[in-house]
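Count along the sequence shown from 1, then add 3; that gives the number in the working numbering. Here is the structure we will look at.
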Amino acid sequence: MDLKDINSTSFNSQRGNGWLPVVNSPGRAIGVLFGAFFIMLMLLSVVTMIIGGEKVMSPKGMRIFAIFQDLLVFILPAVAAAFTATRLPASLLTVNVKPRIGVIVMSLVVMVTALPAMEWLIEVNSNLHLPQSLSGLEKMLRSMEDNANSGVDALAGGTSAGDLIMGILIIGVLTGLAEELFFRGALQNLFMSMPRAKKHLAIWAAAFIFSFMHFQFFGFLPRLLLGAYFGYLIWWSGSVWVPVIAHAFNNSLVVILSWLSARAGEETELADAAALSIGNNWTTIAFSIFVTALGIYLLRERALRGRPVRQK
Numbered sequence: 004m005d006l007k008d009i010n011s012t013s014f015n016s017q018r019g020n021g022w023l024p025v026v027n028s029p030g031r032a033i034g035v036l037f038g039a040f041f042i043m044l045m046l047l048s049v050v051t052m053i054i055g056g057e058k059v060m061s062p063k064g065m066r067i068f069a070i071f072q073d074l075l076v077f078i079l080p081a082v083a084a085a086f087t088a089t090r091l092p093a094s095l096l097t098v099n100v101k102p103r104i105g106v107i108v109m110s111l112v113v114m115v116t117a118l119p120a121m122e123w124l125i126e127v128n129s130n131l132h133l134p135q136s137l138s139g140l141e142k143m144l145r146s147m148e149d150n151a152n153s154g155v156d157a158l159a160g161g162t163s164a165g166d167l168i169m170g171i172l173i174i175g176v177l178t179g180l181a182e183e184l185f186f187r188g189a190l191q192n193l194f195m196s197m198p199r200a201k202k203h204l205a206i207w208a209a210a211f212i213f214s215f216m217h218f219q220f221f222g223f224l225p226r227l228l229l230g231a232y233f234g235y236l237i238w239w240s241g242s243v244w245v246p247v248i249a250h251a252f253n254n255s256l257v258v259i260l261s262w263l264s265a266r267a268g269e270e271t272e273l274a275d276a277a278a279l280s281i282g283n284n285w286t287t288i289a290f291s292i293f294v295t296a297l298g299i300y301l302l303r304e305r306a307l308r309g310r311p312v313r314q315k
């Protein structure tokens, strides 16, 4: 490798982020990220009004809308921001780093061990209430929550094998890819590329925005933790594909449970699924937290041992 090659693959080692490429203006790139996000969101809204709500709200229409939303609202802004930020956009998004099978498997095992604890947190968060003086706001937030859940149920609904496959491909795979490229590959890595950036702060800031932008405030806390977990996965492994696969696994599990509920003729949410129901079994919850914490520690050690120093 000659001097030119070394310069073209220089990294932010002076900022403690030796696995990320040099970013000239992270703030401008973040502006491009959110600017493109809102422009594409407004464009889709206009197209929806032109086509008509009834067509878009049909099962087929919602699937098409979800595909375009993932491609235009999340993936396109992430790519645009990466090209704005650096001459090595693939390295910023970390899409050019092959994930290791062992790290992927461990990341999924950790998610399985966390299910009882996460179910408990989902229940706690959903039962939170605002003060009486803010009852109007709570009513509005719960209405937004119900609308968001209805949209997910409509996309993940159906009882045929085709419905299940489509749900996994759209909600699981495509949405997992789109959101991880946006929130972790672009946003979090741009936060980390800022001068004197704090890695943990960057991870939790991206996780907060990730949870907030779902506009499901009575599921905010579990989604915040999930976003932070995905953030640490990309930091430890140096590859966005690890959180992409973990995110797709999580979403696909929701789709499968929704599909099973539809086949059983029940409207059952994830927290009420018989296979995961634990009620107030504090022993199970405590054991879940302990095993998950141990799993995260072992996962971190394994992932950091193979994290790339520089990406080309």
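Glycine included, C-beta positions come from ideal geometry on N, C-alpha and C. These numbers come from a predicted model, not from an experiment.
What does a CB cutoff of less than 8 Å around residue i pick up in its chain, not counting 5 residues either side in sequence?
| i | result |
| --- | --- |
| residue 310 | 22, 239, 240, 241 |
| residue 124 | 224, 225, 228 |
Can you find a heavy atom of the ligand PLP that lies under 8 Å from the Cβ of residue i?
| i | result |
| --- | --- |
| residue 55 | Among the components modelled here there is no ligand, and therefore nothing to report on the ligand PLP. |
Using a 10 Å radius around the Cβ and a threshold of 16 neighbouring Cβ atoms, would you call residue i buried or exposed?
| i | result |
| --- | --- |
| residue 285 | exposed |
| residue 192 | buried |
| residue 140 | exposed |
| residue 235 | buried |
| residue 109 | buried |
| residue 135 | exposed |
| residue 61 | exposed |
| residue 73 | buried |
| residue 246 | buried |
| residue 107 | buried |
| residue 103 | buried |
| residue 243 | buried |
| residue 318 | No answer is possible for residue 318: the residues shown for the chain start at 4 and end at 315. |
| residue 237 | buried |
| residue 327 | Here the chain has residues from 4 to 315 only, and residue 327 is not among them. |
| residue 146 | exposed |
If you follow the alpha helix (DSSP H) that residue i is in, where does it begin and where does it stop?
| i | result |
| --- | --- |
| residue 51 | 29-54 |
| residue 309 | Element bounds for residue 309: n/a, residue is neither H nor E. |
| residue 266 | 244-266 |
| residue 64 | 62-71 |
| residue 284 | No alpha helix (DSSP H) contains residue 284, which DSSP labels as neither H nor E. |
| residue 87 | 79-88 |
| residue 205 | 202-215 |
| residue 236 | 223-240 |
| residue 192 | 192-195 |
| residue 25 | That residue, residue 25, is in no alpha helix (DSSP H); it is neither H nor E in DSSP. |
| residue 105 | 104-116 |
| residue 93 | 92-96 |
Considering only the beta carbon of each residue, do residue i and residue j sit closer than 9 Å?
| i | j | result |
| --- | --- | --- |
| residue 182 | residue 77 | yes |
| residue 317 | residue 205 | Beyond the ends of the chain as shown, which are 4 and 315, falls residue 317; an answer cannot be given. |
| residue 222 | residue 186 | no |
| residue 95 | residue 196 | yes |
| residue 65 | residue 158 | yes |
| residue 80 | residue 189 | yes |
| residue 69 | residue 28 | no |
| residue 84 | residue 164 | no |
| residue 105 | residue 303 | no |
| residue 47 | residue 71 | yes |
| residue 113 | residue 171 | no |
| residue 111 | residue 252 | yes |
| residue 155 | residue 261 | yes |
| residue 219 | residue 148 | yes |
| residue 266 | residue 162 | yes |
Looking only at its chain, what residues have a beta carbon closer than 7 Å to the beta carbon of residue i, apart from the 5 residues adjacent to it on each side?
| i | result |
| --- | --- |
| residue 254 | 174, 175, 178, 179 |
| residue 7 | With a pLDDT of 39 at residue 7, under the threshold of 50, the modelled position of that residue is not reliable, and the figure given next carries that caveat. For residue 7, where only same-chain residues beyond five positions count, there are no Cβ hits under 7 Å. |
| residue 169 | 66 |
| residue 210 | 227, 230, 231, 234 |
Determine, using beta carbons only, whether residue i comes closer than 9 Å to chain C.
| i | result |
| --- | --- |
| residue 236 | No chain C appears in this structure, which consists of one protein chain only. |
Go through its chain and collect everything with a Cβ distance to residue i's Cβ below 6 Å, but skip five positions before and after it.
| i | result |
| --- | --- |
| residue 120 | 288, 291, 292 |
| residue 86 | 92 |
| residue 203 | none |
| residue 272 | The predicted model places residue 272 with a pLDDT of 49, which falls under 50 and marks its position as unreliable, so this point remains unresolved. |
| residue 19 | With a pLDDT of only 39 at residue 19, under 50, the local geometry of the prediction cannot be trusted, and the value read off the model is given with reservation. The answer is none, since no qualifying residue turns up. |
Query raised in the report: At which residue ranges does the stretch 126-177 contain complete alpha helix (DSSP H) runs of 4 or more residues, listed in the order of the chain?
Result: 138-159, 164-170
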